[in-house]
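Below: one structure, written as structure tokens.
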């Protein structure tokens, strides 16, 4: 999808303003505002049920009965849906690959959904698979890949259309320690090398690196926004874990 | 070129549906065996009990097997449409519906692509069934097999859109058994698929009225006439109108802000 008028330029990769969302009369998100610059790595930290997945659903417009504004690269997800959507890559919480199809077929399907021709799709798929170290697995059925490899395929898929913003919703669920570390590292490299902004949702504090910017989401409200170093300094505690406990209070401990 | 990306999207959705279909050979077999059992066992058994007098569009007296074939074609499409609705529910649980819906193309277009894909898969099944019926001796005029294609497309969209609409109500896979009992079976049995309407009227006026009202009856009649190179304007008009209404409702159902998706929320 080519487009003429722009608002990308210096616009933030993601901009959320006063976002509120209620489900069944119960507020799930309350007055969320945040901005993520191009190439920035941001961790969205919150316990289960904090509203992380809901926030992602609203950004990707799976549903959008909400208040407030969401813009991707300056494009409103509602009024300029086509352009906004073309700039988002997503790795969902649940696995979403077709297990019976090969890696290449899964990527080709996604490329087609973004309007790419077969040739271009193949070139990009090869480049992305090489990047995640799965170039030799193109023809393998997804069913035969390990959990970590499937996640990497999903990241390759999320980046196939060269988005400005990559959303990852608890991408390390079910992975072993080594695969988790690899994935976190890979996401950081993407930001540094490709200029892709990454929003990484997790409830695992050990996935946060000292220099990462952290957004703490709890019960639908954004409690903190800053690097883990500034957070610990501000609250006068030694670790991010303590800072987190202090922020979310006594209820809902985070594992 | 602005058109190409749209075509690539369509190609991708249809291609995936066909690939999945090829990988599910048991599903294909089941879809084929079901109407064949009806044809070889049910119809053969009823042949004696139920002679069918001359009715439109047939030129002569016909055997019951001949009468029932268009109805069984409709059955293939009905099951297939509902099965793709089942796969929507299943897909949504697996999350691959999300993959489809985060595509930048408008949602109505994505859903139409999805419906066209499942319609084409059902058309393949129908033609295999018709080929076996031909070999069995139930032969329509050769051109009828071409005429029937547009009728198959309309019917495929009709039952597919109905399935889509249902999938916005059915949250869990378990509920699909209810869809079978309360949608598929009544639609099939209370139609002209197995018996001509005038015969139903002899039996029960109420059943006749329901069947005459049932859109599936009109779809089956549209298929029946097309297979014999005839046009049934009433059946076509009603079928197309019902299809458009169902399609509009299904698209509305998947609208992020107005539809049932929003009401159900993403609360998982």
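Chains as they are written, first to last, in the UniProt record's numbering: chain A, 1 to 255; chain B, 1 to 268.
Beta carbons are placed, not taken as given, at the ideal position from N, Cα and C, and that holds for glycine.
This one's a predicted model, so the numbers in the text were calculated from it and none came from an experiment.
Skipping 5 residues on each side, what residues in its chain have a beta carbon closer than 7 Å to that of residue 101 of chain B? 107 and 110
Integer-rounded CB distance, given that residue 61 of chain B should sit under 8 Å from residue 285 of chain B: In the structure as shown, chain B starts at 1 and stops at 268, and residue 285 of chain B therefore has no counterpart that could be examined.
What is the residue span of the beta strand (DSSP E) that residue 27 of chain A lies within? 26 to 36
Please classify residue 268 of chain B: is it buried, with 16 or more other beta-carbons within 10 angstroms of its beta-carbon, or exposed? Interpretation of residue 268 of chain B is limited by its pLDDT of 35, a score under 50 that renders its predicted location unreliable; no figure is taken from the coordinates.
Where residue 17 of chain A falls: helix, strand or coil (DSSP): strand
Neighbour list for residue 117 of chain A in chain B, Cβ cutoff strictly below 8 Å: In chain order: 4 and 8.
Would you mind stating whether residue 179 of chain B and residue 215 of chain B have Cβ atoms separated by less than 8 Å? With a cutoff of 8 Å on beta-carbon distance, residue 179 of chain B and residue 215 of chain B are scored as not near each other.
Confirm, please, whether the CB-CB distance from residue 121 of chain B to residue 40 of chain B is below 8 Å. no
With 9 Å as the limit, tell me which residues of the segment 11 to 24 of chain B have their beta carbon closer than that to any beta carbon of chain A; keep them in chain order. Those residues of the segment 11 to 24 of chain B that come within reach of chain A (Cβ to Cβ, closer than 9 Å) are 11, 12, 13, 15, 16, 19, 20, 23 and 24.
If I'm right that residue 152 of chain B touches residue 126 of chain B with Cβ under 8 Å, what's the distance once you round it to whole angstroms? Sure, about 6 Å apart at Cβ, within 8 Å.
Contact defined as beta carbons within less than 8 Å: I believe residue 85 of chain B pairs with residue 163 of chain B. What is the distance between those atoms, to the nearest angstrom? 3 Å
Quick check: the Cα distance between residue 77 of chain B and residue 116 of chain B, rounded to an integer number of angstroms? 12 Å
Do residue 169 of chain A and residue 56 of chain A have their CB atoms nearer than 8 Å? yes
Per-residue contacts from residue 132 of chain A into chain B (C-beta, under 8 Å): Listed along chain B is no residue with a C-beta nearer than 8 Å to that of residue 132 of chain A; the closest approach is about 18 Å.
Limits of the unbroken alpha helix (DSSP H) element including residue 244 of chain A: Following the DSSP letters along the chain, one finds residue 244 of chain A inside the alpha helix (DSSP H) bounded by residues 240 to 248.
Please state if the CB of residue 96 of chain B and the CB of residue 96 of chain A are separated by a distance shorter than 8 Å. yes
Tell me which same chain residues have a C-beta within less than 8 Å of the C-beta of residue 179 of chain A, skipping the five on either side of it? 146, 147, 148, 151 and 172
For residue 61 of chain B, which three-state DSSP category applies? coil
Buried versus exposed, by CB contacts within 10 Å (16 or more), residue 98 of chain B: buried
C-alpha gap between residue 26 of chain B and residue 140 of chain B, whole angstroms: 29 Å
When the distance is taken between beta carbons, is residue 43 of chain A closer than 8 Å to residue 200 of chain A? yes
Does the beta carbon of residue 18 of chain A come closer than 8 Å to any beta carbon on chain B? no
Taking 8 Å as the limit between beta carbons, can you name the residues of its chain near residue 75 of chain B, skipping five residues before and five after? 34, 35, 38, 188 and 193
Apart from the five residues just before and just after residue 208 of chain A, which ones in its own chain have a Cβ nearer than 7 Å to its Cβ? 43, 45, 214, 228 and 240
Counting only beta-carbon separations shorter than 8 Å, does residue 96 of chain A have a partner in chain B? yes
Complete beta strand (DSSP E) runs within the segment 87 to 137 of chain A (minimum length 3 residues, chain order): 88 to 91
Please determine whether the Cβ atom of residue 72 of chain B lies at a distance below 7 Å from any heavy atom of the ligand MN. In terms of ligand content, the structure shown is empty, and the ligand MN therefore cannot be addressed.
Compare the C-alpha of residue 49 of chain A against each of A:247, A:164, A:221 and A:99 and name the closest. A:221
Cα-Cα separation, residue 30 of chain A to residue 52 of chain A: 12 Å
Are there 16 or more other CB atoms within 10 angstroms of the CB of residue 87 of chain A, so buried, or fewer, so exposed? The residue is buried, with at least 16 neighbouring Cβ atoms inside 10 Å.
Residue 112 of chain A at chain B interface by Cβ criterion, 8 Å: Under the Cβ criterion of 8 Å, residue 112 of chain A is counted among the residues facing chain B.
Please compile the residues from chain B whose C-beta is within a distance smaller than 9 Å of the C-beta of residue 105 of chain A. 15, 16 and 19
Same chain, Cβ closer than 7 Å to residue 161 of chain B, neighbours up to 5 away in sequence not counted: Excluding sequence neighbours, residue 161 of chain B sits near 115, 243, 246, 247 and 250.
With a CB to CB cut of under 7 Å and the five nearest residues on each side skipped, what residues in its chain are close to residue 207 of chain B? 190 and 200
Checking 8 Å against the spacing of the C-beta atoms, do residue 153 of chain A and residue 184 of chain A come in under that value? no
Less than 6 Å between C-beta atoms, sequence neighbours within five positions excluded: which residues of the same chain meet that for residue 156 of chain A? Shown here for residue 156 of chain A: same chain residues with a beta carbon closer than 6 Å to its own, the five before and five after excluded, namely 128, 129 and 132 in chain order.
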